[in-house]
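What follows is a single structure, written as structure tokens, with notes after it.
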Amino acid sequence: MPQAPAVIGNLVESTLGRPARVLNVDEPAAGFLELELRAASPPGGWRPGHEIQFRVAPTLGRRYTVRTVGGPDAERIGILVATDSAGPGTTWMRRLRAGTEVTVLTGRHRPLRENGTRRLYLGDSSALGTIDAYAQSGDDPVVTVEVPADAVAPLADRWPRYRFLPAADAPGDALQSWLERTDSELAGLDGALLLGHAQSIQRQRRTLIDGQILPRRAITTKPYWATGKEGL
Ligand SMILES: Cc1cc2nc3c(=O)[nH]c(=O)nc-3n(C[C@H](O)[C@H](O)[C@H](O)COP(=O)(O)OP(=O)(O)OC[C@H]3O[C@@H](n4cnc5c(N)ncnc54)[C@H](O)[C@@H]3O)c2cc1C
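Counting from 1119, one number per residue, gives the positions in the sequence shown under our numbering.
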């Protein structure tokens, strides 16, 4: 529901809406906001990787992902938000403060299909929260994330097992050139999750298939945003 008449938005909110309160807002690195919320549990409870939606205007929804669940209570969720876009979702996120009451739209958790046990995770800033939620399982994952240059050092301190690449001028270019020059590190992989910029994901999947690094069926993709498109 990136865009829908307000009456449809009201209907969705009345069935999927969970009342929530922002507990904390932090800026862990340039280009990122980290939110902590207490939100009423959906059926089956909150899970890392849970897809959620916020109604950022009466006719607009924007999608995000739960990175962490728990801490002091099972209704506490954490979300990592990339602030590269100047769209209504990001503007809405920037206005949140501790104490703000919001509505989180979601249903039961439906995890992404993951293949294999030794996986490659590729994404941009918008996907870091999801990648962190999923990369906790599996065997010695290879994780590479493209982020604003100023964010590389603080993020690498916090997640020393992930590789952070400074973004180049065009989205996906830094990840693509890393992928094309990386060899032995990709040997022995049996699955991949590619998230983030739609057009970049297509290129990455083609490189993995054409380079015989992974077959198409071992690769899961999910676009989070696309050049020339508002909301996905
Ligand atoms: C299932 C799902 C889960 C998601 N989870 C997360 C998450 O956990 N954290 C997170 O930060 N994002 C997440 N996203 C991405 C987020 O929903 C998009 O970035 C969204 O488009 C932002 O909305 P907006 O209103 O700011 O920009 P829009 O109105 O959608 O777009 C405005 C302009 O900004 C561009 N744009 C949009 N997003 C980006 C971006 N990230 N970087 C650069 N340019 C952009 C668009 O191409 C467009 O030109 C998720 C998306 C999906 C589909």
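The beta-carbon is built from N, C-alpha and C at its ideal position, and this holds for glycine as well.
Between the C-alpha atoms of Val-1263 and Gln-1294 there is a straight-line separation of about 11 Å. Taking 7 Å as the cut-off, the C-beta of Thr-1235 does not count as close to any heavy atom of ligand 1.
Taking a contact as a CB-CB distance under 8 Å, the pair Pro-1160 and Gln-1254 does not count as one, their CB atoms being some 20 Å apart. Closest by C-alpha distance to Gly-1309, out of Thr-1183, Arg-1237 and Gly-1188, is Arg-1237. Closer than 7 Å to some heavy atom of ligand 1: that does not describe the Cβ of Ser-1318. Here Ala-1251 has Pro-1166, Gly-1167 and Arg-1185 as same chain residues with Cβ atoms under 6 Å from its own Cβ, once five neighbours each way along the sequence are excluded. In this structure, Tyr-1239 has its CB at a distance of at least 7 Å from all heavy atoms of ligand 1.
For Ala-1138 against Pro-1176, the beta-carbon gap comes to about 18 Å, at or over 8 Å, which does not count as contact. Nearest in C-alpha terms to Val-1143, of all of Pro-1190, Trp-1210 and Ser-1132, is Trp-1210.
A straight-line Cα-Cα distance of about 15 Å links Leu-1129 and Val-1174. Per DSSP, Ile-1331 lies in no alpha helix (DSSP H) and is assigned neither H nor E. Beta-carbon to beta-carbon, Thr-1183 and Ile-1197 are separated by about 7 Å, close enough to satisfy the 8 Å threshold.
Ligand 1 never approaches Glu-1152 closely enough for any of its heavy atoms to be under 7 Å from the residue's Cβ. Setting aside the 5 residues that flank it on each side, Gln-1320 has no residue in the same chain whose C-beta is closer than 7 Å to its C-beta.
The beta-bridge partner set that DSSP reports for Tyr-1252 is empty.
For the alpha helix (DSSP H) assignment, the uninterrupted runs of no fewer than 4 residues enclosed by the region 1156–1222 are, from N- to C-terminal side, 1206–1212. Using a Cβ-Cβ distance cut-off of 8 Å, the region 1148–1163 and the region 1186–1195 are in contact, since at least three pairs of beta carbons, one from each stretch, lie closer than that value.
By alpha-carbon distance to Ala-1267, the top candidate from Gln-1317, Ser-1318, Asp-1275 and Phe-1282 is Phe-1282. Of Pro-1190, Gly-1189 and Ile-1170, the smallest CA-CA separation from Arg-1181 is found for Ile-1170. Distances from the alpha-carbon of Leu-1304 to those of Ser-1244, Leu-1240 and Trp-1277 put Leu-1240 closest.
Taking 8 Å as the upper bound for CB-CB distance, Gly-1329 and Gln-1121 are not in contact here, some 38 Å apart. Sequence-distant partners of Thr-1224 (beyond 5 residues in either direction) whose C-beta falls short of 8 Å from its own C-beta, in its chain, are Leu-1134, Arg-1136, Pro-1160, His-1168, Glu-1169, Ile-1170 and Gln-1171.
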